[in-house]
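Take 1187 as the starting number for the sequence shown in the working numbering and just add one per residue. Positions of the beta carbon are idealized from the N, C-alpha and C atoms, including for glycine. Worksheet: the structure to be examined is printed underneath.
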Amino acid sequence: MNSDAFKSYLTAVDAKHIDLPWCHVEEFVSPANAGSKELYLCRATFPPGEAHLFHFHPGREEIIFVVEGHAEQWVGTEKRLLGPGEMALIPAGTPHMTFNPGPATLKFLAILNNIRGPEPMVVDCFREEPWVSLFTPIEYPPVA
């Protein structure tokens, strides 16, 4: 789809599917598939025991909204267990992490603003202090 074409209605068929080592992502709203100028929305599905390790988004706020299962959600150095209908609001540039402690699959919506903001969109920091001391990194293959 032309990135300039704005799409007001989307279905599951419109989603771009992305397989990452820790989860499956269904990208619904982005400049590429919906012509969004400011917003990004995806649904992420994490098997038990998987995590999106500590990272941050320069210049972008994020909402993590749990749909199914439970998330061990970190925002900075604060950790909470979130269940269906609960969310975390993550300030721009704040390190955060999502872990599925199991036993069920975790599904959540991730919503980010300022999608055309500074690059890179995701900056990993899970090998730096204090993050590496808060959660021992899971070794995943590199993502291109």
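#1: Which residue's Cα is closest to the Cα of GLY1271: ALA1257, VAL1215, ALA1290, TRP1208?
#2: Look at the alpha carbon of GLU1247 and the alpha carbon of GLU1305, and state the distance between them as a whole number of angstroms.
#3: Are the C-beta of ASN1299 and some C-beta of chain C separated by less than 8 Å?
#4: Count the other CB atoms within 10 Å of the CB of VAL1252; is the residue buried (16 or more) or exposed (fewer)?
#5: Nearest CA to the CA of ILE1324: which residue from GLU1236, ALA1278, THR1280, ASP1200?
#6: Quick one, which of ILE1249, ALA1198, ILE1301, THR1231 has its alpha-carbon nearest PRO1277's?
#7: Take PRO1316 and list the residues in its own chain whose beta-carbon comes closer than 7 Å to its own, dropping the five residues that flank it on each side.
#8: Give me the Cβ distance between LYS1265 and GLY1221, rounded to the nearest whole Å; I'm assuming they're in contact under 8 Å.
Straight from the coordinates:
#1: ALA1257
#2: 14 Å
#3: No chain C appears in this structure, which consists of one protein chain only.
#4: Flag for VAL1252 reads buried.
#5: Among GLU1236, ALA1278, THR1280, ASP1200, the Cα nearest to that of ILE1324 belongs to GLU1236.
#6: ILE1249
#7: THR1263
#8: Not confirmed; about 37 Å, so no contact.
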